[in-house]
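Residue numbers (my numbering), protein chains in the order written: chain A, 157 to 272; chain B, 107 to 222.
In structure tokens:
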């Protein structure tokens with residue numbers, strides 16, 4: 157079964173600082189990778205996704221992520237964070253489960269707090 | 107398009123009581139998921155429906171949890187009897203159909219359950 161590991165539980169940054177959130181997954185086959193964001197009081201929303209092709213994918217609000225297959229990683233980055241980026245970020249992998257269906261498995265999440 | 111609707115938004119019950127949650131997916135979405143998100147963890151899949159059939163319920167605690175999607179549209183998730191460790195946010199999500207495995211899930215706002 158696939159699993160997802162997010163390295164940081166809580167990250168605190170000042171505005172304009174650069175952000176990198178780590179994500180590693182374990183699965184031997186083809187995967188699709190996602191980052192979801194949950195702003196306070198809101199539902200989970202898609203930030204960006206990787207299916208194939210260019211391993212550097214760009215998402216909404218200036219976020220990007222790089223898929224490094226050899227490292228089983230899909231780290232999320234943003235050059236300069238804003239206070240409005242305060243949220244919880246979830247890495248997820250979509251892969252075939254033991255039951256044969258495609259299953260989206262989430263990491264535990266990283267809470268980002270941006271200080272004005 | 108209207109999003110995934112869930113109700114109630116909050117529910118507080120005592121242990122050993124029963125509770126039910128309701129979900130109405132995005133119109134036309136054939137695949138529906140129920141996830142459990144315990145505080146400090148990422149969402150964990152409980153059950154996946156394709157139209158009115160169960161695709162994967164391998165992680166559903168069937169001794170106390172049940173779910174149905176009788177007409178292939180809205181769905182209910184029930185817990186009977188509830189335990190303290192069932193306190194969590196229960197998320198419903200949908201996507202167009204099973205073959206669109208690489209399309210993102212659309213999530214509802216969730217139902218926050220507190221068992222006392």
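We put the beta carbon where it would ideally sit given N, CA and C, even for glycine.
### Task
Could you tell me whether the region 192-201 of chain A touches the region 244-255 of chain A, using the rule of 3 or more Cβ pairs below 8 Å?
yes
### Query
Taking the Cβ atom as the reference point for each residue, do residue 168 of chain A and residue 269 of chain A lie within a distance shorter than 8 Å?
yes
### Task
Could you tell me which chain B residues have their CB closer than 7 Å to the CB of residue 190 of chain A, listed as they occur along the chain?
210
### Task
If I'm right that residue 162 of chain B touches residue 158 of chain A with Cβ under 8 Å, what's the distance once you round it to whole angstroms?
Between residue 158 of chain A and residue 162 of chain B the Cβ distance is about 13 Å, and since that is not below 8 Å, they are no contact.
### Query
Are there three or more Cβ pairs, one per stretch, closer than 8 Å when the region 124-141 of chain B is compared with the region 180-193 of chain B?
yes
### Task
Take residue 137 of chain B as the anchor and find which of B:111, B:175 and B:193 has the nearest alpha-carbon.
B:175
### Message
At the 8 Å Cβ level, is residue 257 of chain A part of the contact set with chain B, yes or no?
### Response
yes
### Task
Check whether the Cβ of residue 178 of chain B lies closer than 8 Å to any Cβ atom in chain A.
no
### Task
Give the DSSP bridge partners of residue 177 of chain B, in chain order.
Bridge partners of residue 177 of chain B: none, in fact.
### Query
Between residue 202 of chain A and the rest of its own chain, which residues show a CB-CB distance below 7 Å, the 5 nearest in sequence each way excluded?
190 and 192
### Query
For the candidate residues B:158, B:179, B:159 and B:168, whose alpha-carbon lies nearest to that of residue 152 of chain B?
B:168
### Message
If I measure Cβ to Cβ from residue 215 of chain A and keep anything under 6 Å in the same chain, skipping five residues before and after, which residues do I get?
### Response
203 and 204
### Query
Going along the chain, which unbroken runs of the beta strand (DSSP E) with 3 or more residues stay wholly within the region 191-267 of chain A?
201-206, 212-214, 220-224, 229-234, 243-252 and 258-262
### Close Cβ partners of residue 190 of chain B (< 6 Å) along its chain, the five nearest in sequence each way excluded
121 and 221
### Message
What would DSSP say about residue 120 of chain B, mapped onto helix, strand or coil?
### Response
coil
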